[in-house]
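> Mind looking over this structure? Questions follow.
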Amino acid sequence: MIENCSDPVGLAETKEFIDRIFRTAGYTKSPYKNINLDSWSTWFYIRHKGKIISAMRVVEKVPGNFIPLEQVVIVGSSPHKRYAIIEDNVADWNSVAFETTVTGIKAAYINFKIVAKFCILKGYETVYGMYNPQLKGIESLYINHGAEISKKYLGPVFFPGFYLNGKLAHFNVIELKKKALQEVASQL
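Just remember that this note's numbering sits 523 ahead of the position in the sequence shown, which is counted from 1.
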């Protein structure tokens, strides 16, 4: 686990792993998606044989920052609109990446449980996230662990300039309430 910028070398390695997994999946980089949120972030990763095989991040919502859910644009809005999260004790769970091997998938499930426990310990009432419905592995990871499609922050949404295989990537917004987080964390 890396809190904020406490381990610059480990943080760089974790980000490089996530970038590689996203590129391999067909994503492009976007300046709108890669805003530096390290001051409010906690990164989680699992190693196997010395290499990172699963990583994810939680960004705590505080009055002075914009979590990823606030950075996306609502599909079909004209002029473009974004969500403003005016809530206490919430966070955004994102940058979920894992090797698509049996070991990588198992590590992602373990990492998911560790992150859920962290969110409970931090006292978050709700943790938001987004997933691309074209990538079934991420979808099943969230949905199989109690995430629900958000009724409050409707999707689809997108990051300007963020493409998957040449097409603008759309995301569904999900939320994990405290009860779902507790159920996931209890499986550790």
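We treat Cβ as the ideally placed atom computed from N, Cα and C, and that holds for glycine.
Taking all protein chains shown into account, do 16 or more other C-beta atoms lie within 10 angstroms of the C-beta of residue 591, making it buried, or fewer, making it exposed?
Locating residue 591 in the sequence shown gives position 68, where the first residue counts as 1. Per the 10 Å Cβ criterion, buried.
> Can you grab the Cα-Cα spacing for the pair residue 735 / residue 697, in whole Å?
Look at the range of the chain in this structure, 524 to 711, and you will see that residue 735 is not part of it.
> I think residue 581 touches residue 616, with their Cβ atoms under 8 Å apart; what is that distance to the nearest whole Å?
Working through the sequence shown from its first residue, we reach residue 581 at position 58. Working through the sequence shown from its first residue, we reach residue 616 at position 93. Contact flag correct, Cβ pair sits at about 5 Å.
> Given a cut-off of 7 Å, decide if residue 569 and residue 634 are closer than it, judged by their beta-carbon atoms.
By one-based count along the sequence shown, residue 634 stands at place 111. By one-based count along the sequence shown, residue 569 stands at place 46. Yes.
> So, with DSSP's three-state summary, where would you put residue 643?
Position 120 of the sequence shown, counting from 1, holds the residue named residue 643. The answer is helix: DSSP assigns residue 643 an H, G or I state.
> Could you name each continuous alpha helix (DSSP H) segment of 4 residues or more that falls completely within the stretch 622-682, going from the start of the chain to the end?
625-645, 659-666
> Sorted by chain position, which residues of the same chain lie with C-beta nearer than 7 Å to residue 556's C-beta, five sequence neighbours on each side aside?
As a position in the sequence shown, residue 556 is number 33, starting the count at 1. Result list for residue 556: 682, 685, in chain order.
> Taking the alpha carbon of residue 594 as the reference point, which residue from 549, 611, 653 has its own alpha carbon closest?
As a first step, residue 594 must be located in the sequence shown, where it is residue number 71. Considering only alpha carbons, the answer is 653.
> Per DSSP, residue 579 is paired with what?
Start at 1 with the first residue of the sequence shown, and residue 579 comes out as number 56. Paired residues: 567.
> Would you mind working out which of 646, 604, 661 sits nearest residue 705, comparing C-alpha positions?
Here residue 705 is taken as the residue at index 182 of the sequence shown, counted from 1. Here the closest residue by C-alpha is 646.
> Cα-Cα, which of 576, 547, 529, 608 is closest to residue 583?
Position 60 of the sequence shown holds residue 583. For residue 583, the nearest C-alpha among the options comes from 608.
> Taking C-alpha atoms, which residue in 709, 533, 579 lies nearest to residue 627?
Within the sequence shown, numbered from 1, the residue matching residue 627 stands at position 104. Closest by alpha carbon: 579.
> Please confirm whether residue 576 and residue 630 have their CB atoms less than 7 Å apart.
Residue mapping note: residue 576 aligns to position 53 of the sequence shown, counting from 1. Residue mapping note: residue 630 aligns to position 107 of the sequence shown, counting from 1. Contact: yes.
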